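Residue numbers (the numbering used here): 534 to 637.
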């Protein structure tokens, strides 16, 4: 299983057990997701948006709220699931891009 697939599994598993997660684990998972999404976007040729409408900013906001003890399990769960979905979509996009370049 690839590192991205492992991270997707971890994010989904954590979202399903959000009430059992400690603050450190939530921050670590969200930070890993942010780094992975940014790296994958770069590989796909997607320029960083850095606007408030970028979901990555939302993940960082949730992580910050966890850091100051103001986390909401619903917000954490939503951020974990959305980040897993984004990584999955980027993985599909990059795999298709690789297949296309191999076929040329």
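We treat Cβ as the ideally placed atom computed from N, Cα and C, and that holds for glycine. It should be emphasised that the depicted structure is a prediction, and the values quoted were computed from it without experimental measurement.
Buried/exposed call for residue i, threshold 16 Cβ in 10 Å
i: residue 616; result: buried
i: residue 599; result: buried
i: residue 568; result: exposed
Beta-carbon proximity check, residue i vs residue j, cutoff 7 Å
i: residue 619; j: residue 541; result: no
i: residue 608; j: residue 595; result: yes
i: residue 610; j: residue 548; result: yes
Beta-carbon separation (whole angstroms), residue i vs residue j, contact threshold 8 Å
i: residue 556; j: residue 604; result: 7 Å
i: residue 543; j: residue 563; result: Rounded, the Cβ-Cβ distance is 11 Å, inconsistent with contact.
i: residue 537; j: residue 624; result: 5 Å
Distance between residue j and residue i (C-alpha atoms, nearest Å)
i: residue 629; j: residue 559; result: 31 Å
i: residue 539; j: residue 584; result: 28 Å
i: residue 574; j: residue 588; result: 13 Å
i: residue 551; j: residue 581; result: 29 Å
i: residue 627; j: residue 613; result: 21 Å
i: residue 633; j: residue 545; result: 29 Å
i: residue 572; j: residue 553; result: 29 Å
i: residue 597; j: residue 586; result: 17 Å
Residue-level contact to chain D via CB, residue i, 7 Å cutoff
i: residue 593; result: You won't find chain D in this structure, because it holds only one protein chain.
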